[in-house]
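Q: Just passing along the structure, written as structure tokens.
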Amino acid sequence: MTTSKRFPASAAHHLFTLSASGTALAVALFAASVADAQVATDPAPASADNTVSSAPSTPAPTVATQDATAPSSGPAAESSDDIVVTGFRASLRSSIAVKRNLDVVAEIVSAEDIGRLPDVSIAESLARLPGVTSQRTGGQASAINIRGLSQDLVSATLNGREQVATSGNRVIEFDQYPSELINQAAVYKSPKASQIEGGVAGKVELSTARPLSIPGKTLVSVNVRGVYNDRAGQNPDASEFGYRGSASIQTKLLDDTLGLAVGYARLKQANVATRFVGYDYTATGQNGSPAIRDLDGNGRADAIGYGFEAVQSGGNETRDGVLGSIQYEPTDTFRVLLDGYYSRFKSDVFRRGIRVENLQQTSSNLTDPTVIGNTIVGGNASGIRTRTIQQNENRLDKLYTFGGNVQKDIGQLTLTADGSYSRASSFFNNSGLDDNGNTTATPTTLSYKLDGLNVGSFSTNANYTDPAANAFEGFYIVPQKDTDRLYAFAGSALLKIDGPFLKSFEVGGRYGNRKAERTITSFNAFSFAAPVTLTSSNSTTAGFKGKFSSFPDFIVADIGSIFDSQLGPDRVVDQTQAFTQDQSFTIDEKTYAGYGQLNFDTIAGSLPFKGNIGLRVVHTDQSSSSTISDGGTGRYLNTRGRKFTDWLPQANFILGLTENDQARLSLSRQISRPRFFDFRNSISTNLVSIGGTAARLDGSGGNPALQPFRANQFDATYEHYFGNSGSLVLGAFYKDVRSFVIGGVIPNYDFAANGISTPPLAGTGFTSVVTTGNLFAPINGNGGYVYGFEGAITKTFDFLPAPFDGLGAVLNISYNQSDVSITNAISGNTLSLSLPGLSKIVSNPTLFYEKNGFQTRVSMRYRSKFVAPQFGLSEQIVTNAAETVFDAQMSYEFPQGSPLAGMTLLAQANNLTDQPTRSYFGQTAQTGTLQYFGRQFYLGASFRF
């Protein structure tokens, strides 16, 4: 594979355009607030002593930016205001204050924002920040994207410690973290040396509550609400109603030197979706057979999908989260913090529907075709294979994380030691009934019409509700278990200097030992002794509704009942022919990191100038083991790996321009390690004829020699603060991509030199084998770029007359662009595409009103189209279409002095327009996946006392 990069001459034009656009967005707000900003001003930017440090001499802000630090109390309360500000307005003020004083480029979500109108998970809260989007799983925000880059390039920490994942890769599923138990969250867009390495897109830091920071002696919080999903009623396997609740208590003991905190949160709700899935489009038949035909006479073969399916997915999911914390500060110079977090997530989803196959086969008789841009999107066909879908998906995820942190001040020196252990496990079981035994049924005829990014239609002569025509011949069970374990130790030393330039110097180190394992067994293609005919006792019928109501009704089998009757309750089967370990593997990763960082605060001319300069060095030793088939009945252990060292210089500069204006500049190098599945050592091989009785060995699998995604990074921002009432931030960033990971081909791969045996030739017709061939696997590309611009304005309209002084807005938009040119090593074709997961435009505006205890917010999350994180061998690119999601929240907090003081009534509505996720192949006429999740409504109350 070869790659190239180029930075377009139009970049300056984009910079001017977006900056002008961001300014235009703020003109009215800015003009109206000038007088307000002149009257009510914040204090000058904090000195270096007030920035977050890995070893603070006093309790640090909740945001933890270091690998050796567990955070303490939240931001100090405003001391200059005579009016007590609460609610969403207070959360904005707190977030702005923290953002302003940080020495890196970051976005903040405060405890007021999370706790008062809590989202379903912390992922929903993060997805409202500038330049941040989410990918939805089961209708809920789960994985986080930053600056248009995919979740694979985002790292996450909890209380300053790296987190393991239940995803089976490094991707953190943030819906595992209940928002009620998170005190503060930050998205770091630029790094510094004292932070744990990782996160080319950015880093998400979650912080839990610190009991010694609460006002008063004890704080108790309780949240209860009901949940309703308006699509769940269309699915017989899902319940429309659910609930969520949480309770936490924080208290101080021993003259406020010991703090205890414990919290519990539970969520139970429907996991529901209705989807239409189109299969791959090619201009050739299955297995590369000749082109079907040129139906519109333009001299080009017309592409047709292999088939499509319409599916109802329904079930229920339950999440439990438990948090505990012990904070002990017997003196001003000694601090101890112990904390733990546990999460359990259980989901049972049942997929039922209809599948159409074999449309590509040349034997199909296709008449009256509809062709759009050399794509067949409709027609009448006969001899088509159809069947019902009967599939169960059961998932159980568990996450444990424990940590301890000790800090000791010795004069001007602060020593910090930190240890942690995290473990995640995920068990996923995919089972179902295989192949309808309808051999006596009338051959299927089909009339269909696809409609691009909208739901199409089809009709057929098949009867999907007749038990006699829908017997089942076999079954499959595919259990998969993933575990991810990490223990880490870190230490640092910070020396305060308080010189005219240098304020402190810190050094530190970290050791991490991570092990991931996947075990997957495919009990596949098992046959029942005779086709199983469904009866009223083990089946029912269902149908589609809404946009899918034109599709035929279908039979729904009770898979568990059939398994019990055919296999017995223990599901004991003969695995001799179907058992495989080709996709099972283990990953071992050891990292050794050290850093040094100078923190400075001085005057440049007449302007305050502060920041940090540092270097982080990390050595990685990674390997993967798996058992490889010898082509017969035996298997053998094979281990491969790689070692590499990264030098990561990082610098952050903040220049105070006026009392309310400052500029930031960040220069850094960052890495993101590849997904576990990408550098697994599991490989499957096959023999490919090269003429006569000679064969070549080819294979597919992972690549343990992968190196990380690496980028040199530049960030610049301008910040203006409207006193206490808001801020305007304009920024630009550029990432010079030095290496990345993408699916591809390694030509001339020496299988023998890498420990891969040649399979037996008996019965193959071959007499000789060349062990050098093609390995289809993830590979490193070299070169490319990502750049972008961001504009954000936060403004409360305090200057307006009542009642309009309760209005406010949070408006942001970001523009992202990338380019990577990929050359297929086999075909020689070159593709120029954006990095997978990158959306060009991202915007998350929020309008709110808050007055006399009443709060309401309307939020929008928009992201433009992006390339899915796969690169197929057929060179077909899957693109996810743009999406816009609207949410609304409303609450009323009873005032102090009333009988219900401390109580808040609240209502929420998520995904108000039932926005689907949509994808397509190459052009929108080639339908990929259309998936609708329904609207969710919440109604409940919270109590604080």
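Numbering-wise (this note's numbering), the sequence shown opens with residue 34 and increments by one.
Glycine included, every Cβ here is placed at the ideal spot set by N, Cα and C.
Mind listing, in chain order, the continuous alpha helix (DSSP H) runs of no fewer than 4 residues lying wholly within the stretch 739-802?
A: You should have found no qualifying run.
Q: What does DSSP give as the partner residues of T619 in its beta bridges?
A: The partner list for T619 (beta bridge, DSSP) reads E550, S658.
Q: Helix, strand or coil: how does DSSP classify L906 here?
A: Only weak support is given to the placement of L906: the predicted model assigns it a pLDDT of 40, under 50, and the question is left unresolved by the model.
Q: If you drop the 5 nearest sequence neighbours on each side, which residues of the same chain put their C-beta closer than 6 Å to that of D679?
A: Cβ within range, chain order: V651, I704.
Q: To the nearest angstrom, report how far apart R698 and L186 are at their CA atoms.
A: At residue 698 the sequence reads Leu, which differs from the Arg that was named. When rounded, the distance between both Cα atoms is 22 Å.
Q: Are the CB atoms of I846 and G816 within a distance shorter than 8 Å?
A: Cβ distance not < 8 Å, so G816 and I846 don't count as in contact.
Q: The beta strand (DSSP E) spanning Q283 covers which residue range?
A: 274-286 is the span of the beta strand (DSSP E), which, as asked, contains Q283.
Q: Please work out which residues of its chain come closer than 6 Å, Cβ to Cβ, to L880, disregarding the five sequence neighbours upstream and downstream, and give them in chain order.
A: Result list for L880: A842, V891, in chain order.
Q: Please work out which residues of its chain come closer than 7 Å, Cβ to Cβ, to S897, disregarding the five sequence neighbours upstream and downstream, and give them in chain order.
A: Only S872, K873, I874, A915 meet the Cβ criterion.
Q: Is it right to say R22 is buried, meaning 16 or more other beta carbons lie within 10 angstroms of its own, or is it exposed?
A: Examination of residue 22 is not possible in this model, given that the chain is present from 34 through 978 alone.
Q: Where does P244 sit, in a helix, a strand or coil, going by DSSP?
A: Looking at P244 - three-state DSSP - the assignment turns out to be helix.
Q: Evaluate the contact criterion for the stretch 291-310 versus the stretch 254-274: three or more CB pairs, one atom per stretch, below 8 Å.
A: Yes, the stretch 291-310 touches the stretch 254-274.
Q: Going by DSSP, which residues form a beta bridge with A810?
A: Per DSSP, G777.
Q: Just how far apart, CA to CA, sit P741 and V770?
A: Their backbone Cα atoms lie some 11 Å apart in a straight line.
Q: From A336 to L963, what distance separates their C-alpha atoms?
A: Spanning the two alpha carbons is a distance of roughly 20 Å.
Q: Please classify Y669: is it buried, with 16 or more other beta-carbons within 10 angstroms of its beta-carbon, or exposed?
A: Burial call: exposed.
Q: Starting from S582 and walking both ways along the alpha helix (DSSP H), at which residues does that stretch end?
A: Neither: S582 is in no alpha helix (DSSP H) and is coded neither H nor E.
Q: So is N256 buried or exposed if we call it buried at 16+ other beta carbons inside 10 Å?
A: Burial call: buried.
Q: Looking only at its chain, what residues have a beta carbon closer than 6 Å to the beta carbon of A298, apart from the 5 residues adjacent to it on each side?
A: Result list for A298: P211, E213, L214, S279, G354, in chain order.
Q: Could you give the distance in angstroms between the alpha-carbon of Y433 and the alpha-carbon of A156?
A: Their backbone Cα atoms lie some 19 Å apart in a straight line.
Q: Measure the C-alpha to C-alpha separation of R20 and A765 and round it to an integer number of angstroms.
A: The chain is shown from 34 up to 978; residue 20 falls before or after that span and cannot be answered.
Q: What separation, rounded to the nearest whole angstrom, lies between the Cα atoms of Q746 and K768?
A: C-alpha separation (whole angstroms): 5 Å.
Q: On the DSSP letters alone, give me the boundaries of the alpha helix (DSSP H) that Q695 sits inside.
A: Where Q695 is concerned, there is no enclosing alpha helix (DSSP H), although the beta strand (DSSP E) it sits in stretches over 694-705.
Q: Is the separation between the beta-carbon of K431 and that of R377 shorter than 8 Å?
A: Contact flag set, yes.
Q: Verify whether the separation of the beta carbon atoms of L739 and F773 is less than 8 Å.
A: Against a cut-off of 8 Å, the Cβ pair of F773 and L739 comes out as no contact.
Q: Can you tell me which residues form a DSSP beta bridge with N349?
A: N349 is bridged to A303, D381.
Q: By the 10 Å Cβ neighbour count, where 16 or more other Cβ atoms means buried, how is A786 classified, buried or exposed?
A: With fewer than 16 Cβ atoms within 10 Å of its Cβ, A786 is classed as exposed.
Q: Do the stretch 489-503 and the stretch 588-599 touch if we need at least three Cβ pairs shorter than 8 Å?
A: Output reads yes: the stretch 588-599 touches the stretch 489-503.
Q: Could you check which residue in I177, I229, G231, S223 has the C-alpha nearest to that of I205?
A: Ranking I177, I229, G231, S223 by Cα distance to I205 puts I177 first.
Q: First and last residue of the alpha helix (DSSP H) that includes F596?
A: Counting along the chain, the alpha helix (DSSP H) containing F596 begins and ends at 592-600.
Q: Taking all protein chains shown into account, decide if G798 is buried (16 or more other Cβ within 10 angstroms of its Cβ) or exposed.
A: Counting Cβ neighbours within 10 Å, G798 comes out exposed, since fewer than 16 surround it.
Q: Excluding sequence positions up to five away, which residues of its chain have a Cβ less than 7 Å from the Cβ of F887?
A: Taken in chain order, the residues that qualify are Y925.
Q: Could you name the residues that DSSP lists as bridge partners for I405?
A: BP columns for I405 point to T408.
Q: Could you tell me the distance, in whole angstroms, from the CA atom of P707 to the CA atom of L125?
A: Cα to Cα, P707 sits roughly 36 Å from L125.
Q: Using the three-state DSSP reduction, which class does K132 fall into: helix, strand or coil?
A: K132 falls in the helix class under three-state DSSP.
Q: Is the CB-CB distance between S617 and S715 below 8 Å?
A: Closer than 8 Å, so yes.
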